[in-house]
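Some notes on the structure that comes next.
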Amino acid sequence: MNPTPEPAPTLKQLLAFYLEAGVDCALTDEPVNRLAEPDAVPAAAPRETAAPRAVREIPAATPPIPRSETAVAPEAAISSAREAARTAPTLEALRALLENFDGCALKHTATRLVFADGNPQARIMFVGEAPGRDEDIEGLPFVGRSGKLLDRMIAAIGLDRSKAYIANVIPWRPPGNRTPTPQETQICLPFIQRQIELVNPEVLVTLGNPSTQTLLQTREGIMKTRGRWFDYDTGTRTIRAIATFHPAYLLRSPSYKRMSWQDLRAIAKALVQTGSPSS
7 MNPTPEPAPT LKQLLAFYLE AGVDCALTDE PVNRLAEPDA VPAAAPRETA
57 APRAVREIPA ATPPIPRSET AVAPEAAISS AREAARTAPT LEALRALLEN
107 FDGCALKHTA TRLVFADGNP QARIMFVGEA PGRDEDIEGL PFVGRSGKLL
157 DRMIAAIGLD RSKAYIANVI PWRPPGNRTP TPQETQICLP FIQRQIELVN
207 PEVLVTLGNP STQTLLQTRE GIMKTRGRWF DYDTGTRTIR AIATFHPAYL
257 LRSPSYKRMS WQDLRAIAKA LVQTGSPSS
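Counting along the sequence shown from 1, when you hit position 257 you're at 263 in the numbering used here, and nothing is skipped either side.
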């Protein structure tokens, strides 16, 4: 007996499948069938036959050039990032350096640089992991669903984006929102470190496990690090730092919003101790 064929997926189901696979933008206006046979090449007009050339000896094949000699090695890219970030005297100069920095491959797959949003003079700075699709389109961090939740979290301590500074460890969107590789993170790390140093906030808030482990140099998970205070050393001063859940995680696991609220209360208390939270 022949098995009953499965029904063809609907357009909505296909779009959901592509979005889940990371296919969320079109590269051309019309679809291209890359499995189709290429068009036949028209035959060339006949021409006179040239006299045969003398056979010459073909030189031996050149050994392949090692990859390390044709591409920038990770260590060289990290070193270049450190040198470049160190020379930036202002946030504007740092942004210009990132626009021209070619040491991270993510730059070539992203739509645009996602540098920061908010007030560079703010007393509090929030740092996430990397931009998503909405951020890649608009060029600003935290503008999608997780961004709206972050806005509500900031409002819970009496602030808004005009009184906070927001950035990511990685300034370019990884393809399909995949997790950045350790190499990509290390290449981008000097730039976010310099960004924190230039903003010089009184409180640094790391959002989620990746940014917490990267910036606060801990191997513990977010469940153990959230709500705890750390010392973040910029090289010129020590900033009070605290970890909490990433808004995207809270959207998937709303039961942890209560813990996040406790973290926000601790942040508000720390800001009060050093001045008005709304200043």
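Each residue gets a CB set at the ideal place from its N, CA and C atoms; glycine is no exception.
It should be emphasised that the depicted structure is a prediction, and the values quoted were computed from it without experimental measurement.
Residue i and residue j closer than 7 Å at C-beta
i: W178; j: L112; result: yes
i: F251; j: S266; result: yes
i: D269; j: G233; result: yes
i: P137; j: L97; result: no
i: Q219; j: I84; result: no
i: R158; j: G124; result: no
i: V209; j: A276; result: yes
i: P15; j: T115; result: no
i: F197; j: A82; result: no
i: D176; j: A274; result: Sequence check: residue 176 is Ile here, not Asp. No, the pair does not count as a contact, with Cβ atoms beyond the cut-off.
Own chain residues within Cβ distance below 8 Å of residue i, not counting five before or after
i: R62; result: At R62, the pLDDT of 40 sits below 50, so the modelled position is not reliable; the number obtained from the coordinates is stated separately. Cβ neighbours of R62 beyond the five flanking positions: none.
i: L222; result: T212, T231, F236, Y238, A247, A249
Delimiting residues of the alpha helix (DSSP H) encompassing residue i
i: L112; result: From DSSP, L112 is part of no alpha helix (DSSP H); its letter is neither H nor E.
i: I202; result: 188–205
i: G134; result: Here G134 belongs to no alpha helix (DSSP H); instead the beta strand (DSSP E) covers 130–134.
i: E212; result: Checking the sequence, you will find Thr at residue 212 rather than Glu. Premise fails: T212 lies in the beta strand (DSSP E), 209–213, not in any alpha helix (DSSP H).
i: I82; result: Per the sequence presented here, residue 82 reads as Ala, with Ile not at that position. That run of the alpha helix (DSSP H) goes 80–92.
Buried/exposed call for residue i, threshold 16 Cβ in 10 Å
i: A254; result: buried
i: L201; result: Looking at the sequence provided, one finds Gln at residue 201 rather than Leu. With 16 or more other Cβ atoms within 10 Å, it is buried.
i: S152; result: buried
Neighbourhood of residue i by C-beta distance below 7 Å, restricted to the same chain and skipping five residues each side
i: P207; result: A128, R129, I130, M131, Y171, I245
i: E105; result: L119
i: D140; result: V149, G150
i: G134; result: P147, F148, N174, L213, G214, S217, H252
i: G227; result: N215
Run of the beta strand (DSSP E) containing residue i, from where it starts to where it stops
i: A247; result: 244–250
i: I172; result: 171–174
i: F237; result: The sequence given here places Asp at residue 237; Phe does not occur at that position. Counting along the chain, the beta strand (DSSP E) containing D237 begins and ends at 235–239.
i: I273; result: From DSSP, I273 is part of no beta strand (DSSP E) but of the alpha helix (DSSP H) over 263–279.
Contacts around residue i, its chain only, beta-carbon distance under 6 Å, and the 5 residues preceding and following it disregarded
i: S86; result: G109
i: A122; result: A173
i: T117; result: D142
i: T280; result: E208
i: R101; result: F121
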